[in-house]
Structure formats: structure tokens, C-alpha cells
Amino acid sequence: MGCETSLVADPGPTAVATATAKAAKTGSSATALAPGFRFHPTDEELVSYYLKRKVTNKPARFDAIAEVDIYKHEPWNLSDKSKLKTRDQEWYFFSLLDKKYGNGGRMNRATGQGYWKATGKDREVRHNSQLIGMKKTLVFHSGKAPDGLRTNWVMHEYRLIEEELERIGALQV
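Numbering (our numbering), first residue to last: 19 to 191.
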């Protein structure tokens, strides 16, 4: 059983990421959309509006993205964590990135029952032709690396580039 997943992440040690997951159900602090409306931001909107506002502690006009530690949950359990309670098969989250080793550059993307593995090259996210962020695609594998079984769960992780973090005064040292 796999739906696509993409995620949003919060300022981590040096990077910022964003997430979207797929499928939603119930919850206590639901953010309801009127019939006919969908929350379906573009890559540029996720980075240039939602992620930038998050790292600069500015509120968004519409509180659609929950803060969730993505890696403490299996992808099939994320729908309950979404603020948007719709039938759409896509969820959005802010989540901190965790380094695998204290002073290393690799991120720990393991969950209790598997791990998220990057696939393909990171893609550029531009605003008015200016590079502002990067988008990484990850696929969930059940089991332990390197022998995990690939699933249909897909996550898109977004981050602001260092120059953009510097420009908006949010670069962490």
C-alpha cells in the first residue's frame, strides 16, 4: 500500500527542507478548505512563501502545514498528522533534518521500519529565474539499508540554498 509522499522540513543544522505526503484523514486541529478549494502549491510557492516564512518566523496567511518529525513516523501513519483534512492524497509538513553523524554532512532519514533513500539529482527551485532552493526526491524502503525493499512512497524534500538563507537573515552557523 503506497501513496506518494512529499515532506516539508524546518531549519535543520545547516539545511532547510520541505515536505508533502500523500493521503489524509482525521485530526483535532483540522484546517478545513471550502468545497472546491485545494491546497496544491507549486515548488516555487512552497519554497518562496511557506518555507521562507517558516525560517523567518513569519506566519502564513493560511496555516496548512503541520510541524512533524517525519522520521519518527512510518509514511503510512502520516495522514493523521496533516493539518488539512481532505481526501487529497498529499500531505505537507515542516520537519527538522537530523544529521547522521554529529559533524558530518549526511542526514539521518531512518524510521522505525525503514528509511528514505534519495533518488536522482536534486532539482533547482527558482523564483523569477533566481535560484532560491533545491528539491530532493526520496523513496521509502522497508527494512534495513542496503537490503531494504523499495516501496511506492515518495517524498519531496525542499531546502533553501545558503545564499538565500543569508539574504533573508536565517543562515545558521
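Just so you know, even glycine gets a beta-carbon here, dropped at the ideal spot from N, CA and C.
Span of the alpha helix (DSSP H) holding residue i?
i: K70; result: K70 to V73
With residue i and residue j assumed to form a contact (beta carbons below 8 Å), what rounded beta-carbon distance in angstroms separates them?
i: E182; j: I150; result: 5 Å
Using 10 angstroms around the beta-carbon of residue i, count the other beta-carbons present and answer buried if the total reaches 16, otherwise exposed.
i: L167; result: exposed
i: Y119; result: exposed
i: K154; result: buried
i: G132; result: buried
i: S97; result: buried
Determine, using beta carbons only, whether residue i and residue j come nearer to each other than 8 Å.
i: I88; j: S113; result: yes
i: K99; j: A84; result: yes
i: V143; j: F111; result: no
i: K135; j: H159; result: yes
i: L192; j: L69; result: In this structure the chain extends from 19 to 191, so residue 192 is not present and cannot be described.
For the beta strand (DSSP E) holding residue i, just list the boundary residues, first then last.
i: L183; result: L183 -> not in any beta strand (DSSP E); alpha helix (DSSP H) instead, spanning E180 to R185.
i: F158; result: Q148 to S160
i: Y110; result: W109 to F112
Can you list the beta strand (DSSP E) stretches of 3 or more residues lying completely in the region 118-145, in chain order?
132-145
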